[in-house]
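Engineer: Below: one structure in structure tokens.
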Amino acid sequence: MLRPPPSEILYEIFKHFENDPDNLRSCVLVNRTWCANAIQILWNKPFHLLLSRSLDSSHHLISTYLSCLSPDERHNLDLLTFPQTYSLSSSFSFITSKSYSSPTFNYPSFLRHLAYYPLTASVQEWCVINNLNTSDNNPIMQKIIHVLWVGSVKEIELAGDFACDQDFPILMQICRHLKKIDVRLPEFEYREDDDHYDTSAVFSARFIESQFELKHFILRECHYPQSLGIALLRQKKTLRHIKFCDIVFDRSCPLDWLPICQNLERLEFIDSESLIPNVLDPLRLAPLTNLRSITFKEDPVPAETLESLILASHQKLEEIFFGWPEDCRQEGYAQVLNSISMNCPNLVRLGAMIGLNEIGELFGILNNCKKLKTLYIYGNGRYFDVNDILPEIGKFLPSTLIELNISARWRFGPNSLKQFLKNCCTSFDKREKAVPLKKLVIRICDFINDDHLRTLVRHSMKSLKFITLLNKKFFVNEAGIDKA
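In terms of UniProt numbering, the sequence shown opens at residue 1 and continues consecutively.
Next up, the structure:
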């Protein structure tokens, strides 16, 4: 009889289900060992899960946490001294009693990811449920932050007008060893007395400066404040990943601090505004040399900056995404694609804008990037007949490719699709074995008809397990095709 895997191995396996709480809850029911490992992951970011759910029952989370406190910790919390609006609730009386038994697990010790707004909202709701006064002078939030093992948190999300919260400085004092900070500042208003935005930007900068081992920073859905760049410069030795998502950049504030962060391995720009040459020139003139991943999901893409980063990577790049999945209006990326073909032999994931004039460069990439596992092909908004080209692509796909996503407005008939699938299953001079393609996505497929579907059923390779058409997913079998 085989021995069960060690606890450490189980934990590493369960981490792959970190964003799948339903499956993790099923693991809890198997046995004690599975339960102990799954619980750690289920409870490492409970406040994060509240972001996508109603906060109406979040007070139960606080009650569970408080029930884990030792007698000394409960005594220091001193809940009975806080003003009460009505009589105490039964759950409050249970937590404050001296005879209650602690839960099986110490849930606060598992907390690693903290979303600050759901935390404060949960505590406020818990106070309301338990008839506790939540006036500005009530220090209950500060006390709860202290006892919830917040100092062990490694990731934090800050959103909205958090700097106006009187309890935020307490968090700044405790959380000094964060690995990841995700910030969304308040809405920017063009006036001199915009205190909410300015104050939040200043507090965010101080929070960043106070860290000792920050590796990941994300700024999303706000204006870019120059003070954050100055603060991030203090983290130049530890920073490995920076992401700007839906950011409005200031034309007069170039990102001159970015090239100094020479240990950066991953850089992302997604759906930005005013990402003009003046903002990016520092990256073009003094590009980063240790990047392994570059993303410019922009329209237009800053081609000169992207090419400079590719050339400076010295073959370290493993992931490049540029263009826009919903169609990019800009053309002329042949030079960028050629640079990828000639300088990125270790590329594993690629998403690129490839139009009619860049097909030659696409074949160059398929021929030279022998480690490619994922390929996303973005379009330029124009319909493109690839009946003759698609079968040839099947010949050149590397024997490592697992996922092919065609987001361009390509058009091809059933016979072209049939030959493409056959070529993927055939060995050629430059490819010793068939393509192990597992996932095929055709994003814009208004031209797909029954003949295409029959071709997929009858001629798809054995490795192909998953297809997406018109955003409808189904497994590759006749029942699935009929259902689609």
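Cβ atoms here follow ideal geometry from the backbone N, Cα and C, with glycine treated the same way.
Spell out the partners DSSP gives Y224 in its beta bridges.
Structural biologist: Paired residues: none, contrary to the question.
Engineer: Between the segment 331–346 and the segment 387–396, can you find at least three pairs of beta-carbon atoms closer than 8 Å?
Structural biologist: Not touching, per the Cβ criterion.
Engineer: Keeping to the same chain, check which residues put their C-beta closer than 6 Å to that of G229; ignore five residues upstream and five downstream.
Structural biologist: W257
Engineer: Can you pull the DSSP bridge partners for D446?
Structural biologist: BP columns for D446 are empty, so no partner.
Engineer: Taking contact to mean at least 3 C-beta pairs separated by less than 8 Å, is the segment 140–149 in contact with the segment 29–38?
Structural biologist: The segment 140–149 is not in contact with the segment 29–38.
Engineer: Look at the alpha carbon of V28 and the alpha carbon of P4, and state the distance between them as a whole number of angstroms.
Structural biologist: Looking at the two C-alpha atoms, the distance is approximately 15 Å.
Engineer: Is the segment 335–344 touching the segment 391–409 in the sense that three or more CB pairs, one from each, lie closer than 8 Å?
Structural biologist: Not touching, per the Cβ criterion.
Engineer: Between L350 and the rest of its own chain, which residues show a CB-CB distance below 6 Å, the 5 nearest in sequence each way excluded?
Structural biologist: I320, L375
Engineer: N415 lies in the alpha helix (DSSP H); which residues open and close that run?
Structural biologist: 414–424
Engineer: Who pairs with M353 in a beta bridge, going by DSSP?
Structural biologist: Y378
Engineer: Would you decide whether V248 is buried or exposed? Buried here means 16 or more other CB atoms lie within 10 Å of its CB.
Structural biologist: exposed
Engineer: Using the three-state DSSP reduction, which class does V441 fall into: helix, strand or coil?
Structural biologist: strand
Engineer: T120 by DSSP, collapsed to three states: which one?
Structural biologist: Three-state DSSP puts T120 in a helix.
Engineer: How is the beta strand (DSSP E) around D246 delimited, first residue to last?
Structural biologist: Segment 241–248, the beta strand (DSSP E) holding D246.
Engineer: Apart from the five residues just before and just after R176, which ones in its own chain have a Cβ nearer than 7 Å to its Cβ?
Structural biologist: S210, Q211, F212
Engineer: Using the Cα positions of C245 and D271, report the straight-line distance between them to the nearest angstrom.
Structural biologist: So the alpha carbons of these two residues sit roughly 6 Å apart.
Engineer: Would you say the beta carbon of P277 comes nearer than 7 Å to a heavy atom of the ligand SAM?
Structural biologist: With respect to the ligand SAM, the structure offers nothing, as it holds no ligand at all.
Engineer: Taking E307 and F269 to be in contact with their CB atoms under 8 Å, please state how far apart those CB atoms are, rounded to whole angstroms.
Structural biologist: That pair is no contact at about 15 Å.
Engineer: Per DSSP, W410 forms a beta bridge with which residues?
Structural biologist: Among the bridge pairs identified by DSSP, W410 is matched with F384.
Engineer: Output the distance between the C-alpha atoms of L42 and Y65, rounded to the nearest integer angstrom.
Structural biologist: One C-alpha to the other measures close to 14 Å.
Engineer: Would you list the residues sitting across from residue 547 in a DSSP beta bridge?
Structural biologist: The displayed coordinates of the chain run from 1 to 484. Any statement about residue 547 would go beyond what the structure contains.
Engineer: Identify, in the order they occur along the chain, each residue of the same chain with its Cβ nearer than 6 Å to the Cβ of I170, setting aside the five sequence neighbours on each side.
Structural biologist: Hits under 6 Å: Q142, I145.
Engineer: Ordered along the chain, which non-local residues of its own chain (more than five positions away) have a Cβ less than 7 Å from that of D281?
Structural biologist: P254
Engineer: For F105, I'd like the list of residues in its chain whose CB is within less than 7 Å of its CB, leaving aside the five on either flank, ordered along the chain.
Structural biologist: Same-chain partners within the cutoff: I39.
Engineer: For R234, tell me which candidate among R220, I260, P225, H223 has the shortest Cα-Cα distance.
Structural biologist: I260
Engineer: What does a CB cutoff of less than 7 Å around I406 pick up in its chain, not counting 5 residues either side in sequence?
Structural biologist: I377, V441, I442, R443
Engineer: With the cut-off set at 8 Å, would you say P103 and F47 are in Cβ contact?
Structural biologist: no
Engineer: Kindly list the residues whose CB is nearer than 8 Å to the CB of R411, restricted to its own chain and excluding five residues on each side of it in sequence; keep chain order.
Structural biologist: Y383, F384, D385, V386, N387, F447
Engineer: Could you please give me the residues that DSSP links to L404 through a beta bridge?
Structural biologist: Per DSSP, L375, L440.
Engineer: Is the beta carbon of S63 closer than 8 Å to that of E125?
Structural biologist: For E125 and S63, no; Cβs fall outside 8 Å.
Engineer: Start and end of the alpha helix (DSSP H) containing L275?
Structural biologist: From DSSP, L275 is part of no alpha helix (DSSP H); its letter is neither H nor E.
Engineer: Rounded to the nearest angstrom, how far is the Cβ of M172 from that of F207, given a contact under 8 Å?
Structural biologist: 5 Å
Engineer: Is the beta carbon of L401 closer than 8 Å to that of V435?
Structural biologist: yes
Engineer: Between which two residues does the alpha helix (DSSP H) carrying V28 extend?
Structural biologist: 21–28
Engineer: For Q226 and I310, what's the separation of their Cα atoms in angstroms?
Structural biologist: 26 Å
Engineer: Helix or strand or just coil, what does DSSP make of R184?
Structural biologist: R184 falls in the strand class under three-state DSSP.
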